[in-house]
């Protein structure tokens, strides 16, 4: 029991903002969704480029 109290005494409290930031950084689903958005944005830019006139010099 004493060992648990010593361990807990060393812990510091974190704010709500810090806990939300940590959750966002470590949430695998959120990270995968961000990666999907990044890929879709790049695909959009690539396809949009095909619609523009091509110049050959």
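In the working numbering, the protein residues as written are 1 to 57. Quick reminder that beta carbons are idealized off the backbone N, C-alpha and C, glycines included.
Under 8 Å, do residue i and residue j count as touching if we go by C-beta distance?
i	j	result
residue 30	residue 24	yes
To the nearest angstrom, how far is the alpha carbon of residue i from that of residue j?
i	j	result
residue 45	residue 12	46 Å
residue 16	residue 35	26 Å
residue 26	residue 53	43 Å
residue 51	residue 57	19 Å
residue 49	residue 37	18 Å
Determine the extent of the alpha helix (DSSP H) in which residue i is found, giving its start and end residues.
i	result
residue 13	Where residue 13 is concerned, there is no enclosing alpha helix (DSSP H), given that its DSSP letter is neither H nor E.
residue 42	28-51
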